[in-house]
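**Q** What follows is a single structure, and I will ask about it in a moment.
In our numbering, the protein residues as written are 3 to 182.
Structure, rendered in structure tokens:
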């Protein structure tokens, strides 16, 4: 608790008095019966070949704790298989989405065709309703005169039937307009 600079030195001397044996790192290894080796390192060997040789003799050759070449090859094969499966799953998902989109488009097209046929039917009915008065007028006033003119045209067989019909209709129209 009291770690001031003035109190540090007395505490350190008290600690040294209480601990009778001087324990060092070397003492720890001696207890475990591991005896350190001393290796001279000189500056004249820049690549430290002698040092590395002595270490290799004492410890053994370096070990690779990674995968062996066979295991690495198997791992690569497994990863490639997983990648292929993912790619196949993505292709299948894309195909499913495309099929769903096509099905939706087909349903929309069917509905559009149904609406279009309904619209055509309604337009036809509307045109029929608008044409009814004109049809009644034609049937009442034009068709009797035109039918009579066409019968006379068939009997006489003129060179220019259109001109004959036009003159016939004009002549009969004038006769109907004059009071009798």
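Glycine is no exception: its CB is placed at the ideal position from the N, C-alpha and C atoms.
#1: Quick check on DSSP: helix, strand or coil for residue 66?
#2: In angstroms, rounded to a whole number, what distance separates the CA positions of residue 57 and residue 66?
#3: Compare the Cα-Cα distances from residue 64 to each of 72, 54 and 73 and report the closest residue.
#4: I think residue 82 touches residue 69, with their Cβ atoms under 8 angstroms apart; what is that distance to the nearest whole Å?
#5: Can you find the residues in the same chain that come closer than 8 angstroms, C-beta to C-beta, to residue 153, ignoring five residues on each side of it along the sequence?
#6: Is the CB-CB distance between residue 28 and residue 38 below 8 angstroms?
#7: For my contact list, residue 167 and residue 155 are in at a C-beta cut-off of 8 angstroms; report their separation, rounded to the angstrom.
**A** A quick look at the data gives this:
#1: In this structure, DSSP gives residue 66 a state outside helix and strand, which the three-state scheme calls coil.
#2: 16 angstroms
#3: 54
#4: About 15 angstroms; that fails the 8 angstroms criterion.
#5: none
#6: yes
#7: 6 angstroms
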